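**Q**
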Amino acid sequence: MASAAAGIQKSLDRINSQVASGAFYEAQQMYKTVYHRCKARRQTEDSYTVLQAGTVTQLTNQQLTCGVELANMLIEAFVADGVKADAVHLGMVYAILRALPGSLQLADPDSTAELEELSRWVMAALKWAHKQGADDDVHTIHDVFAGWIWRAYGWRQFNKAALHYSRGADAAAYASALAAVSSQAGSSGEEDLFIARAVLQTLACAHSRNAQRQLQHAAAVLEACTAVQPSAAQQPLVRFCELLLQALQLRKQQLLALLRGSYAPSLQLDPSFEAYLDTIEQVFFDVRPAGGSGGLLGSLLRGLLEGDEMDDD
Numbered sequence: 001m002a003s004a005a006a007g008i009q010k011s012l013d014r015i016n017s018q019v020a021s022g023a024f025y026e027a028q029q030m031y032k033t034v035y036h037r038c039k040a041r042r043q044t045e046d047s048y049t050v051l052q053a054g055t056v057t058q059l060t061n062q063q064l065t066c067g068v069e070l071a072n073m074l075i076e077a078f079v080a081d082g083v084k085a086d087a088v089h090l091g092m093v094y095a096i097l098r099a100l101p102g103s104l105q106l107a108d109p110d111s112t113a114e115l116e117e118l119s120r121w122v123m124a125a126l127k128w129a130h131k132q133g134a135d136d137d138v139h140t141i142h143d144v145f146a147g148w149i150w151r152a153y154g155w156r157q158f159n160k161a162a163l164h165y166s167r168g169a170d171a172a173a174y175a176s177a178l179a180a181v182s183s184q185a186g187s188s189g190e191e192d193l194f195i196a197r198a199v200l201q202t203l204a205c206a207h208s209r210n211a212q213r214q215l216q217h218a219a220a221v222l223e224a225c226t227a228v229q230p231s232a233a234q235q236p237l238v239r240f241c242e243l244l245l246q247a248l249q250l251r252k253q254q255l256l257a258l259l260r261g262s263y264a265p266s267l268q269l270d271p272s273f274e275a276y277l278d279t280i281e282q283v284f285f286d287v288r289p290a291g292g293s294g295g296l297l298g299s300l301l302r303g304l305l306e307g308d309e310m311d312d313d
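Heads up: the sequence shown begins at 1 in UniProt numbering, then just goes up one per residue.
(1) What does the alpha-carbon distance come out to for the pair Ala218 and Leu203?
(2) Using the three-state DSSP reduction, which class does Gln212 fall into: helix, strand or coil?
(3) Which residue's Cα is closest to the Cα of Ala113: Ser231, Ala87 and Val68?
(4) For His207, which three-state DSSP category applies?
(5) Count the other CB atoms, across all protein chains shown, that sit within 10 Å of the CB of Ala185; report buried if there are 16 or more and exposed otherwise.
(6) Where does Pro230 fall in DSSP's three states?
(7) Roughly how many whole angstroms lie between the Cα atoms of residue 333 and Ala179?
(8) Which same chain residues end up closer than 7 Å to Thr60 when comparing Cβ atoms and leaving out the 5 residues on each side of it in sequence?
(9) Please tell me whether Val221 and Ala198 are closer than 7 Å, where the distance is taken between their beta carbons.
(10) Alpha carbon to alpha carbon, how far is Met310 from Ala175? Give it in angstroms, no decimals.
(11) Please state whether DSSP places Ser166 in a helix, a strand or coil.
(12) In chain order, what residues of the same chain have a beta carbon less than 6 Å from the beta carbon of Gln28, not counting five sequence neighbours either side?
(13) Any idea what DSSP makes of Thr65, helix, strand or coil?
Below, the structure written as structure tokens:
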């Protein structure tokens, strides 16, 4: 095993010389060749090491397409080989996430092609980890990727970051990002719109199997938001969220219906709120929306599935 590992390091050193000269395509082909050679020799762990090292190197050098190709090969290998989501193999996923460039050198600042590529890989990694029972790490991966989207794209792609923050566990990080977004993209006095959107989305992301977990996360998000933005605590939508969480904790559907009526003027400020609430009622009380799942509700549900590692359970 030691000689095999030494051989792999020699191969990686040769590839690194290609990377140093800017020959990223040639390096990519070499990573794949060494990977397949290891697989053929049944040097399984070495093959994973090659893909992880190649991904990290390419991403560090802003070669996102090359990096994502190797990262996809790694997760596909994990799935095909039935690899457990243990500390070693999850460590490879975290190493790749840490290698994501803090700022992107994009020809078109409004392009989301690179983000879409990375999102597909993250979803594959999340599904693998979830199926292996590593749900604590699933939440961490969501948080790490959400934080990267926020740092790399700012408020322009915060809706993508929110899908992952909503399924994460770091309520404080979510609240901090929300406060910054509301100051950049909102108007004074609209803080409760951003907070309510976050709380409702977090609840609407729930499945029957993790409803209580999402309820706890939504409560943590609301608490963190009001700690960061105390002036928002008395705004109508924040008060609505507090009462909504109580209704869900007490399993009082009638109270939820009463709240929707009482706070209707505030809820109408964002058309997505009613759709989120229909989804929340469906998950927590098994109530089917009267109009089915078409229109805005259907569109919203399709959007929520974008970050959902449980959608094919």
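We put the beta carbon where it would ideally sit given N, CA and C, even for glycine. Quantities reported herein were computed from a predicted structural model and do not represent experimental measurements.
**A** Taking the geometry as given:
(1) 6 Å
(2) helix
(3) Val68
(4) coil
(5) exposed
(6) helix
(7) There is no way to answer for residue 333, as the model of the chain reaches only from 1 to 313.
(8) Ala99
(9) yes
(10) 24 Å
(11) coil
(12) Cys66
(13) helix
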